[in-house]
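Reading through the C-alpha cells given below for one structure.
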Amino acid sequence: MAACWLCPPAPHHWPQLGLNVAQGLLVTAKTAFLFILPQYNVSVPTADSETVHYHYGPKDLVTILFYIFITIILHAVVQEYILDKISKRLHLSKVKHSKFNESGQLVVFHLSSVIWCFYVVVTEGYLTNPRSLWEDYPHVYLPFQVKFFYLCQLAYWLHALPELYFQKVRKEEIPRQLQYICLYLVHIAGAYLLNLSRLGLILLLLQYSTEFLFHMARLFYFADENNEKLLSRLGLILLLLQYSTEFLFHMARLFYFADGEQRKLFNAWAAVFGVTRLFILTLAVLAIGFGLARMENQAFDPEKGNFNTLLCRLCVLLLVCAAQAWLMWRFIHSQLRHWREYWNEQSAKRRVPAAPRLPARLIKRESGYHENGVVKAENGTSPRTKKLKSP
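The numbering of the sequence shown is UniProt numbering, which starts it at 1 and goes up by one.
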C-alpha cells in the first residue's frame with residue numbers, strides 16, 4: 001500500500017488531476033495573471049501610437065509551469081476521446097499501439113502549431129520581408145502572439161518529459177524520445193533567449209510541416225488494411241482540417257490521391273524532409289552567417305540582449321548544422337534499411353518455387369487385353385480364375 005502512490009494515474013484521471021493542480025495555482029486574481037498572461041510588458045512608441053511588447057525574464061518559468069498542466073489536460077483529452085477509440089478498432093500490437101499514440105499526439109500538435117506559426121509569420125510580415133529576420137537585431141521586444149507562441153512551445157516539450165512516465169513508455173523507446181525532446185527544447189529555448197525569435201519561427205514552421213507529414217504517414221501505415229471504413233472517416237476529418245489553410249491544400253490532395261498506399265505518403269515525406277533540411281540550413285546561414293555579420297552593433301551585451309558576436313554566431317550555426325546533419329544521417333540510415341528490407345522481400349517473392357504439378361493419376365489395369373468381354377492374357381490364353389472360398 002505504501003508504494004501505490006508511485007504508480008501513474010489512470011488516463012481518465014489525468015484531466016481532473018491537471019485541473020486540480022491548475023486551480024490550486026490560481027489562488028488570487030493577482031497570482032492568476034502571473035500564471036496565465038505573459039509577463040514583462042513594455043510600451044513601445046510607434047509612429048501612430050504606443051504598442052505593448054514583451055521581453056523575457058525569470059517569471060516566464062511560472063507561466064510555462066501553468067501551461068504545462070494545461071497541456072497535460074489537453075494531451076489526456078486527445079488520448080482518451082480520439083486515439084483510444086481509434087486504436088481499439090485497429091487491434092494493434094503493443095509496439096504499434098505505443099507508436100500509434102505517439103504519432104497521433106504529434107499529428108495534432110504539429111498541425112495546430114503549423115497553422116498558428118503560419119498565422120504569426122504572415123501577420124507579423126516576416127515572409128514578405130525576409131530581411132526582417134536579422135535587421136534591427138537584437139529583437140528584444142516581442143509582440144504578444146510571438147512570446148505566447150514560444151511559451152506554449154516550451155510548455156509542450158517540457159510536458160513531454162513527465163508524459164513518458166504517464167504513458168508507460170517502454171524502456172527501449174525512452175532514449176529515442178528523449179533525444180528529439182531535448183533537441184526541440186535546446187533549439188526553441190536558444191532562439192528565445194538569444195533573441196532570434198523571428199528566425200526561429202520560420203525554422204519551426206518548416207520543421208513542423210515535415211514532421212506532420214511523417215507522423216501522418218505513420219498513422220496510415222499502422223492502420224490495418226481491413227479498416228478501410230475507419231480510414232475513410234479519418235481521411236475526411238483530416239481533409240476538413242487541411243483545407244482550413246491554403247498552405248496545407250496540397251497535402252490534402254496527396255492524401256486524397258493516395259488510395260491507401262502508405263508508401264506514397266512516406267515517399268512524399270522523404271522528399272519534403274530533404275528539402276526542409278536544405279531550407280533550414282540556407283536560412284540559418286543567410287540570417288546568422290551573413291545578415292547578423294553585417295550589422296554594426298556587434299558587442300556582447302547580455303543586459304541589452306545583444307549576443308551578436310563572432311563566437312555566438314559560430315556556436316549557433318554549429319548547433320543548427322550539427323542537428324540537421326544528425327537528422328539527415330538518421331534519415332539516410334533509415335531509408336537504406338527500409339530499401340534493403342523492401343528489396344529482400346521482392347527477391348524472396350521472386351525465388352518462391354512454383355507449386356509442383358501433381359502427376360497424372362495412373363489407372364491400374366489388369367494385364368492382357370479384352371476380347372469378346374473376356375480378359376485374355378498376353379500370350380493369348382485366358383487368365384486363371386480365382387477360387388471362391390466356401391462360406
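All C-beta atoms in this analysis are idealised placements derived from N, C-alpha and C, irrespective of residue type, glycine included.
Query - Chain-order list of residues whose beta-carbon lies under 6 Å from that of K147 (same chain, five-residue window excluded) - result: The residues are P38 and Y54.
Requested in this report: Could you tell me whether the segment 197 to 210 touches the segment 106 to 118, where touching means 3 or more Cβ pairs closer than 8 Å?
Outcome: Yes, the segment 197 to 210 is in contact with the segment 106 to 118.
Query raised in the report: By the 10 Å Cβ neighbour count, where 16 or more other Cβ atoms means buried, how is M251 classified, buried or exposed?
Result: Low confidence applies to M251: its pLDDT is 49, below 50, so where it sits in the model is not reliable, and the reading given next is rough at best. The residue is buried, with at least 16 neighbouring Cβ atoms inside 10 Å.
Query raised in the report: For E296, which of helix, strand or coil comes out of DSSP?
Result: It is coil, neither helix nor strand.
Query raised in the report: CB-CB under 6 Å to F307, same chain, minus the five flanking residues each way: which ones, in chain order?
Result: A distance below 6 Å between beta-carbons, with the five flanking residues on each side excluded, links F307 to the following residues of its chain, in chain order: L194.
Report task. Using the Cα positions of N101 and F331, report the straight-line distance between them to the nearest angstrom. Result -> The alpha-carbon of N101 is positioned some 22 Å away from that of F331.
Query raised in the report: If you compare alpha carbons, which of Q298, G57, T63 and L161 is closest to I36?
Result: Ranking Q298, G57, T63 and L161 by Cα distance to I36 puts T63 first.
Query raised in the report: In chain order, what residues of the same chain lie with their CB nearer than 6 Å to the CB of G305, ignoring the 5 residues before and after it?
Result: So the qualifying residues of the chain are P138, V140 and N195.
Requested in this report: Can you tell me the Cβ-Cβ gap for E163 and H75, rounded? I've got them flagged as a contact below 8 Å.
Outcome: The pair is a contact, with the Cβ atoms about 6 Å apart (cut-off 8 Å).
Query raised in the report: Looking at C-beta atoms only, is the number of pairs between the segment 153 to 163 and the segment 181 to 195 that lie closer than 8 Å three or more?
Result: Yes, since at least three Cβ pairs between the segment 153 to 163 and the segment 181 to 195 fall closer than 8 Å, the two stretches touch.
Query - Nearest-angstrom beta carbon gap, G291 and W134 [assumed within contact, 8 Å] - result: About 3 Å; that satisfies the 8 Å criterion.
Query - Per-residue burial, Q79 [other beta carbons within 10 Å of its own, 16 or more giving buried] - result: With 16 or more other Cβ atoms within 10 Å, it is buried.
Requested in this report: Assuming V120 contacts L201 (C-beta within less than 8 Å), just tell me the rounded distance between them.
Outcome: Between V120 and L201 the beta-carbon gap is near 6 Å, inside 8 Å, which marks them as a contact.
Query - Spatially closest choice to N41 from H159, L178 and L142, by CA coordinates - result: A check of alpha carbon separations from N41 across H159, L178 and L142 identifies L142 as the nearest.
Query raised in the report: Any chance the segment 86 to 98 sits against the segment 64 to 71, with 3 or more Cβ pairs inside 8 Å?
Result: Taking 8 Å as the limit for Cβ pairs, the verdict is that the segment 64 to 71 does not touch the segment 86 to 98.
Query raised in the report: F166 to P175, Cα distance in whole Å?
Result: Between the alpha carbons of F166 and P175 lies a gap of roughly 16 Å.
Query - Distance CB(L203)-CB(R277) smaller than 8 Å - result: Taking 8 Å as the cut-off, the Cβ atoms of L203 and R277 do not count as close.
Query raised in the report: If you check the beta carbons only, do L281 and S103 fall under 8 Å apart?
Result: Going by beta carbons, L281 and S103 fall outside the 8 Å limit.
Query - Classification of A325 by the beta-carbon crowding that lies within 10 angstroms, buried from 16 upward - result: Exposed.
Query raised in the report: Over what stretch of residues does the alpha helix (DSSP H) that includes P175 continue unbroken?
Result: Unbroken alpha helix (DSSP H) run through P175: I174 to L193.
Query raised in the report: Hey, how far is the Cα of W5 from the Cα of A160?
Result: Residue placement at W5 is flagged as unreliable, the pLDDT there being 43, under the threshold of 50; the coordinate-derived value follows with that caveat. One C-alpha to the other measures close to 21 Å.
**Report entry** L310 to D84 span [Cα, whole Å]
**Finding:** Near 50 Å, if we compare the C-alpha coordinates of D84 and L310.
Requested in this report: Under 7 Å Cβ to Cβ from I181, same chain only, skipping five residues before and after it: list those, please.
Outcome: Taken in chain order, the residues that qualify are W157, A160 and L161.
Query raised in the report: With respect to 7 Å, is the separation between the Cβ of R198 and the closest non-hydrogen atom of the ligand MN below this value?
Result: This structure simply doesn't include the ligand MN, nor any ligand for that matter.
Query raised in the report: For residue 399, which beta-bridge partners are listed by DSSP?
Result: Because the chain here runs from 1 to 391, residue 399 falls outside it and cannot be looked at.
Requested in this report: Compare the beta carbon distance of V275 and L213 with 8 Å and say whether it is the shorter of the two.
Outcome: Not in contact: V275 and L213 (Cβ atoms no closer than 8 Å).
Query raised in the report: Nearest to Q145 by CA position, among I82, H187, T51 and L283, is which residue?
Result: Nearest C-alpha to Q145 among I82, H187, T51 and L283: T51.
Requested in this report: Determine the contact status of I288 and L317, defining contact as a CB-CB distance below 8 Å.
Outcome: Yes. Within cutoff.
Query raised in the report: What residues in its chain sit with their C-beta under 6 Å from that of Y334, if we drop five residues either side in the sequence?
Result: A quick correction: the sequence has Ser, not Tyr, at residue 334. Setting aside the 5 residues that flank it on each side, S334 has no residue in the same chain whose C-beta is closer than 6 Å to its C-beta.
Requested in this report: Go ahead and pull the three-state DSSP assignment for N308.
Outcome: Annotated three-state conformation of N308 is coil, per DSSP.
Query raised in the report: Around the C-beta of F118, are 16 or more other C-beta atoms found within 10 angstroms, so that it is buried, or is it exposed?
Result: A residue is called buried when at least 16 other Cβ atoms come within 10 angstroms of its Cβ; F118 meets this threshold and is buried.
Query raised in the report: Can you tell me whether DSSP reads L219 as helix, strand or coil?
Result: If DSSP states are grouped into helix, strand and coil, L219 belongs with the helices.
Report task. State the beta-bridge partners of D136 as determined by DSSP. Result -> Its beta-bridge partners do not exist; DSSP assigns none.
Query raised in the report: Hey, quick one: how far does the alpha helix (DSSP H) through K101 stretch, first residue to last?
Result: A quick correction: the sequence has Asn, not Lys, at residue 101. Boundaries of the alpha helix (DSSP H) harbouring N101: K94 to E124, taken from the DSSP string.
Query raised in the report: Just how far apart, CA to CA, sit L34 and W329?
Result: Whole-angstrom Cα-Cα distance: 43 Å.
Requested in this report: Determine which residues share a DSSP beta bridge with D301 and list them.
Outcome: Looking at the DSSP output, D301 bridges to N306.
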